[in-house]
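>
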Amino acid sequence: MTRKRVVLGVSGGIAAYKACSLLRLFTESGHDVTVVPTAAALNFVGAATWAALSGKPVATDVWTDVHQVPHVQLGQQADLVVVAPATADLVAKAAHGLADDLLTNTLLTARCPVVLAPAMHTEMWEHPATVANVETLRSRGVHVIDPVSGRLTGPDTGLGRLPEPQDIFAVCRELLSGADGSALPGGLAGLRVVISAGGTREPLDPVRFLGNRSSGKQGYALAEVALARGAEVTLISANVALPVPQGVTLVPVQTAVELGEAVAKEAQDCDVVVMAAAVADYRPAHYTDVKIKKSDEDTLPESHPLAPTIELVRNPDVLAGLVQSRGSATSPVIVGFAAETGDPDHTVLDLARDKFARKGCDVLVANEVGVDKTFGQDTNTVHILRRGVDSVTHAGPAPKDIVAATVWDVIQDVLLSG
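Residue numbering for the sequence shown follows this note's numbering, starting at 346 and increasing by one per position.
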């Protein structure tokens, strides 16, 4: 992504301190950021902090450097304007076109993508006036990110908390990518996508299971990027300890069979299915409803026949079942994932090509896994294969949200090509 001009607006809420982290995400990505706080915001974070972090002077009114007409030029020249936090007052002013300081003037003159990340108490967010203001802004094309549930100012807990800076940044990055002519924002608008994430667990008894190391981070990143591009997202989540992206429909599952049933149901009326979950190939043939006990003979060797033997049976192949159910139709687009380590005779890509030929899906994403590699990590390396295309799209090593954006770029190409 090329260097972009970003205006970071900050209004007067306690969450203003989080905007410091958002600012660092922009600057560390190489963007030129001008911070425009409201006068009230400076009660929470001072102008010196914003100037030091952005490397630029900070002003709240239209009279500073008036010869440069900042109240017009900032909005005209920006590639993106984001306000985080956006208070109820700021949201109301933006909806009604009021312009009594530098930030609200900038919002009126901006012709680039505009993102508002509201943060306020639950009662304020749910008030009919705020609801109407948000609807008005969205109808004009403003990207309003819903707040999340959590601890608010004081002892209160509820809906209205500012999303984490990295989640706001993910939305902004998608919009800035669109300014480059790739990954167009809204490219998935009107589409329904189903994404599986995490790792299945196959129970042995009430306390033990066979599982894998998947954290679900890549699947959740795919869901967040799809949301940012305008899709309606259903996330089938297997044993994931991550916050649910605001705006997705969550379907929790545990086992491979449960995941397969959920995918089959949700795939009936969707446009894209992305099978990012690590699904167990086998499950125990027998489940014991009481804990399996160890022999009392502690002196017996590990290989003694008293040690339990676990018999396994094969789980249904969810990906192959999806392809078979679709038949000759072209919808939904089906995307598989292949977690591969390679072996002495084959590379990860060799094994992925073989799996791609067998599965019959439209896209296969091969991710390189191993000890301390991909599973549970924040980065990934993938090789993306596409049906009927000889070339391979490579991504990484890179943060998983960057990898997710590349995967969706390929999927959007498939959708456009019919």
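For each residue, glycine too, the CB sits at the ideal point set by N, CA and C. Being a predicted model, the structure only gives us computed values, none of them experimental.
1. Which partner residues does N712 have in the DSSP bridge list?
2. Measuring alpha carbon to alpha carbon, tell me which of D491, G561, Q511 ends up nearest R369.
3. I need the DSSP call for E577, collapsed to helix, strand or coil.
4. In chain order, what residues of the same chain have a beta carbon less than 8 Å from the beta carbon of V678, not counting five sequence neighbours either side?
5. Got a sec, what are the start and stop residues for the alpha helix (DSSP H) A607 sits in?
6. Using a Cβ-Cβ cut-off of 9 Å, state whether T502 counts as contacting chain C.
7. Helix, strand or coil, according to DSSP, for Y627 in the structure here?
8. Alpha carbon to alpha carbon, how far is S494 from D550?
9. Decide if V598 is buried, meaning its Cβ has at least 16 other Cβ atoms within 10 Å, or exposed.
10. Give the C-beta separation of V487 and L461 to the nearest angstrom, bearing in mind that I take them to be a contact with Cβ-Cβ under 8 Å.
11. Please report how far the alpha carbon of A612 lies from the alpha carbon of V727, in whole angstroms.
12. Can you tell me whether A586 is buried or exposed? The criterion is at least 16 other CB atoms within 10 Å of its CB, across all chains shown.
13. Please report how far the alpha carbon of A740 lies from the alpha carbon of T751, in whole angstroms.
14. The alpha helix (DSSP H) spanning T394 covers which residue range?
15. According to DSSP, simplified to helix, strand and coil, what is D616?
16. According to DSSP, is A743 helix, strand or coil?
17. Tell whether a beta-carbon distance below 9 Å holds between P463 and P500.
18. Using the three-state DSSP reduction, which class does E547 fall into: helix, strand or coil?
19. Taking C-alpha atoms, which residue in H441, P430, L453, H466 lies nearest to V489?
20. Report yes if the C-beta distance between K363 and E569 is below 9 Å; otherwise report no.
21. So, using beta-carbon positions, are T467 and L504 closer together than 9 Å?
22. Might you give, ordered along the chain, the residues of its own chain that have their beta carbon closer than 6 Å to the beta carbon of V426, omitting 5 neighbours on each side?
23. Out of A622, V516, D406, which one is the CA nearest neighbour of P590?
24. What number of angstroms, rounded off, separates the C-alpha of V355 from the C-alpha of R553?
25. Just tell me which of R731, E577, V417, P689 has its CA closest to the CA of K700.
26. With C-beta atoms as the reference, is V693 less than 9 Å away from A566?
27. Taking Cβ positions, are S582 and G564 nearer each other than 9 Å?
28. In whole angstroms, what is the alpha-carbon distance linking N478 and T594?
29. Identify whether I655 lies in helix, strand or coil by the three-state DSSP scheme.
The short version:
1. A684, V727
2. Q511
3. strand
4. Excluding sequence positions up to five before and after V678, its CB lies within less than 8 Å of the CB of D616, V617, V618, D707, V708, I756, V759, L760, all in the same chain and listed in chain order.
5. 601-611
6. Given the protein chain composition of this structure (a single chain), no chain C is represented.
7. strand
8. 35 Å
9. buried
10. 6 Å
11. 25 Å
12. exposed
13. 7 Å
14. DSSP places T394 inside the alpha helix (DSSP H), whose first and last residues are 392-399.
15. coil
16. strand
17. Result no, Cβ atoms of P463 and P500 do not sit closer than 9 Å.
18. strand
19. Per the Cα distances, P430.
20. no
21. yes
22. V352, A455, V459
23. V516
24. 49 Å
25. The shortest Cα separation from K700 among R731, E577, V417, P689 belongs to R731.
26. no
27. yes
28. 24 Å
29. DSSP places I655 in the coil class of the three-state scheme, outside both helix and strand.
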